[in-house]
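Heads up, the thing below is written out as structure tokens.
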Ligand SMILES: [Zn+2]
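Numbering (the working numbering), first residue to last: 1394 to 1703.
Below you can see the structure in the form of structure tokens.
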């Protein structure tokens, strides 16, 4: 990577499910070592290692692995990756840390959702030695490339979600708190999976991220966004819209299939009407890989039930 005034990341496409632009990992190099932001799942670890090698990253120089949250598409590979990066520690929200050290509950909960597709989708998840996982503090500043990033706790998509703010480059790494968007399209999809979706917290997190006034975002799903205000506007609108679908489905009574269909129709319409998407079918398939409608429906159902006190 060349020297530039902002800390521009190396963006690694993990080619999840052999599809481009679904899951990204980011690496930045600096005098103090290399920081990796997100690891992706174990199933794409070869692509991650390839991407680092191709990007000229010496694995011995990786000192820090920042993860936005512990969903398997973001940090599932962390345990196996640590065997390749002997000098790195993993930084994560304090609520997430115990689940990286002992992933049993995380895996049980994911197995309830994915069943026998677990291994094909996510690969092997191995525990991380406790001494290599260091919990973050909200607002903590960490060495990053030529400068620093700040950990910004951003609950909503998950209670333990963290975004990372590179103030000198005015660049925000949003994880899933900034939504899911396919490059070359305008529609911003709010991923609403179980188990701890909290829309009110998410709305405040969107406010907090906007308040930083970033010039660019990097989404884990997927890549750089420069129309930041419009992006956040559409994320907030999309979140309201999908919550309305979830509420309506809950009030209509138990029929999960209907909600999945409604979500898919909403996403399709969002893409068709964004004035940017050239190939709606392809973008829909990419969004479905990053944020499956079935999982979004499960998260909304759980949220609606919890809200009704059930
Ligand atoms: Zn995700």
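Quick reminder that beta carbons are idealized off the backbone N, C-alpha and C, glycines included.
Tell me which residue opens and which closes the beta strand (DSSP E) that residue i is part of.
| i | result |
| --- | --- |
| residue 1458 | 1455–1459 |
| residue 1485 | 1482–1485 |
| residue 1622 | Run containing residue 1622: none in the beta strand (DSSP E); it sits in the alpha helix (DSSP H), 1621–1645. |
| residue 1555 | 1555–1559 |
| residue 1403 | 1403–1406 |
| residue 1422 | 1417–1423 |
| residue 1567 | 1564–1568 |
| residue 1611 | 1609–1612 |
| residue 1575 | Neither: residue 1575 is in no beta strand (DSSP E) and is coded neither H nor E. |
| residue 1535 | 1534–1537 |
| residue 1616 | 1616–1618 |
Is the distance from the Cβ of residue i to the Cβ of residue j below 8 Å?
| i | j | result |
| --- | --- | --- |
| residue 1441 | residue 1573 | no |
| residue 1579 | residue 1657 | no |
| residue 1544 | residue 1554 | no |
| residue 1546 | residue 1417 | no |
| residue 1652 | residue 1690 | yes |
| residue 1696 | residue 1548 | no |
| residue 1512 | residue 1540 | no |
| residue 1493 | residue 1450 | no |
| residue 1682 | residue 1410 | yes |
| residue 1635 | residue 1585 | yes |
| residue 1693 | residue 1646 | no |
| residue 1612 | residue 1670 | no |
| residue 1610 | residue 1618 | yes |
| residue 1403 | residue 1448 | yes |
| residue 1630 | residue 1535 | no |
| residue 1475 | residue 1525 | yes |
| residue 1518 | residue 1496 | yes |
Using a 10 Å radius around the Cβ and a threshold of 16 neighbouring Cβ atoms, would you call residue i buried or exposed?
| i | result |
| --- | --- |
| residue 1508 | exposed |
| residue 1660 | buried |
| residue 1414 | buried |
| residue 1466 | buried |
| residue 1396 | Bear in mind that a pLDDT of 42 at residue 1396, under 50, signals an unreliable position, so the number given afterwards is only what the model happens to contain. When all chains shown are included, residue 1396 counts as exposed. |
| residue 1686 | buried |
| residue 1424 | exposed |
| residue 1422 | buried |
| residue 1490 | buried |
| residue 1663 | buried |
| residue 1523 | exposed |
| residue 1401 | buried |
| residue 1699 | exposed |
| residue 1701 | exposed |
| residue 1504 | exposed |
| residue 1665 | exposed |
| residue 1538 | buried |
Report back the beta-carbon spacing between residue i and residue j to the nearest angstrom; my notes put them in contact at under 8 Å.
| i | j | result |
| --- | --- | --- |
| residue 1556 | residue 1565 | 6 Å |
| residue 1583 | residue 1514 | Rounded, the Cβ-Cβ distance is 21 Å, inconsistent with contact. |
| residue 1459 | residue 1482 | Incorrect: roughly 10 Å between the Cβ atoms, too far for contact. |
| residue 1419 | residue 1430 | 4 Å |
| residue 1426 | residue 1454 | 5 Å |
| residue 1676 | residue 1655 | So it is not a contact: roughly 19 Å between Cβ atoms. |
| residue 1588 | residue 1684 | Not confirmed; about 15 Å, so no contact. |
| residue 1452 | residue 1478 | 5 Å |
| residue 1673 | residue 1624 | Contact flag wrong, Cβ pair sits at about 19 Å. |
In the DSSP assignment, find the alpha helix (DSSP H) that holds residue i and state where it starts and stops.
| i | result |
| --- | --- |
| residue 1543 | Element bounds for residue 1543: not the alpha helix (DSSP H) but the beta strand (DSSP E), 1540–1546. |
| residue 1528 | Segment 1526–1528 is the beta strand (DSSP E) holding residue 1528; no alpha helix (DSSP H) there. |
| residue 1429 | Counting along the chain, residue 1429 falls outside any alpha helix (DSSP H), though it belongs to the beta strand (DSSP E) covering 1426–1430. |
| residue 1694 | 1686–1700 |
| residue 1603 | 1592–1604 |
| residue 1681 | 1673–1683 |
| residue 1472 | 1471–1474 |
| residue 1444 | 1438–1447 |
| residue 1500 | 1497–1507 |
| residue 1518 | Segment: none, residue 1518 is in no alpha helix (DSSP H) and carries neither H nor E. |
| residue 1494 | 1490–1494 |
| residue 1552 | No alpha helix (DSSP H) holds residue 1552; DSSP gives it neither H nor E. |
| residue 1468 | 1465–1468 |
Does residue i have its Cβ less than 8 Å from a Cβ in chain B?
| i | result |
| --- | --- |
| residue 1580 | No chain B appears in the structure shown, which is made up of a single protein chain. |
Segment contact, 8 Å Cβ cut-off, at least three pairs: the stretch 1526–1539 with the stretch 1476–1496: Contact between the stretch 1526–1539 and the stretch 1476–1496 is present, because at least three Cβ pairs lie under 8 Å.
The stretch 1433–1453 touching the stretch 1463–1476, judged by at least three CB pairs closer than 8 Å: yes
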